[in-house]
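Step one of this worksheet: look at the structure below.
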Amino acid sequence: MRDVSAAGLEATIREYFDGCNEADAEKMIRCFEPDANHYFPSGAPQGTFFGAKAIAEGWVNAVKTFGSIWTIDRVIVDEKKREAVIEWTHFKPKAGVYLRGDEWYIFSERGLIKEIRAYYACPAIQEPVQNHMIGDYDYKGLGYPMDPPEIARDV
Numbered sequence: 001m002r003d004v005s006a007a008g009l010e011a012t013i014r015e016y017f018d019g020c021n022e023a024d025a026e027k028m029i030r031c032f033e034p035d036a037n038h039y040f041p042s043g044a045p046q047g048t049f050f051g052a053k054a055i056a057e058g059w060v061n062a063v064k065t066f067g068s069i070w071t072i073d074r075v076i077v078d079e080k081k082r083e084a085v086i087e088w089t090h091f092k093p094k095a096g097v098y099l100r101g102d103e104w105y106i107f108s109e110r111g112l113i114k115e116i117r118a119y120y121a122c123p124a125i126q127e128p129v130q131n132h133m134i135g136d137y138d139y140k141g142l143g144y145p146m147d148p149p150e151i152a153r154d155v
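All letters in the sequence shown, in the order written, are residues 1 to 155 by UniProt numbering.
Given below as structure tokens:
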């Protein structure tokens with residue numbers, strides 16, 4: 001069981017990012033429930049990472065391929081809900097680019113990461129898409145609106 005205080009949840013996120021930057025798969029895996037998922041915008045080239053091992057392998061591969069380095073730029077934690085939101089930068093020195101975005105974290109009762117939903121500050125794909133959302137995420141099943149609500153307007 002990990003520390004589930006606000007400081008403890010933030011520490012888990014920071015340990016996970018340290019593991020990413022060190023390309024240390026085991027360090028990353030220790031931060032997650034085994035069946036955790038990391039969702040990305042629909043059309044993102046890597047797709048969804050299903051499971052702690054896939055999450056770790058994905059970031060180890062990013063370090064090898066792009067020389068990836070990540071920073072945590074802002075953190076907000078809701079201790080009672082065991083949720084957090086961070087703002088990050090993902091530098092890819094070998095490609096000469098960087099990405100900025102946010103991630104929503106959901107933690108288990110044990111203080112391990114169960115889910116990450118990534119939101120990019122820019123489109124993940126070049127071709128036009130009709131709807132912008134995270135790929136493989138069950139918006140409808142989780143009760144998110146799928147159609148705009150009826151709103152009375154004078155315009």
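The C-beta atom is built at its ideal place from N, Cα and C for all residues, glycine as well.
Since the structure is predicted, the reported quantities are computational estimates derived from the model, not experimental observations.
Contact belief for residue i with residue j at Cβ below 8 Å, rounded distance in angstroms
i	j	result
residue 106	residue 39	The pair is not a contact, with the Cβ atoms about 11 Å apart (cut-off 8 Å).
residue 69	residue 21	6 Å
Contact set for residue i: own chain, Cβ-Cβ below 7 Å, skip 5 residues either direction
i	result
residue 71	88 and 89
residue 136	39 and 48
residue 101	88, 118, 119, 120 and 121
residue 114	33, 36, 106, 107 and 108
Assigned exposure category for residue i - 16 Cβ within 10 Å defines buried
i	result
residue 84	buried
residue 118	buried
residue 76	exposed
residue 151	exposed
residue 19	buried
residue 28	buried
Whether residue i touches residue j by CB criterion (9 Å)
i	j	result
residue 79	residue 9	yes
residue 82	residue 108	yes
residue 51	residue 93	no
residue 49	residue 43	no
residue 56	residue 26	yes
residue 41	residue 134	yes
DSSP beta-bridge partners of residue i
i	result
residue 118	103
residue 87	74 and 102
residue 69	91
residue 41	134
residue 49	38
residue 32	113
Contact test: residue i Cβ vs the ligand ZN heavy atom, cutoff 8 Å
i	result
residue 7	Looking at this structure, you won't find the ligand ZN or any other ligand, since it has none at all.
Other residues of its chain near residue i: CB distance less than 8 Å, five sequence neighbours each side excluded
i	result
residue 112	2, 12, 31, 32, 33 and 36
residue 103	85, 86, 88, 116, 117, 118 and 119
Close beta carbons around residue i, own chain, < 6 Å, minus the five adjacent residues each side
i	result
residue 60	23 and 25
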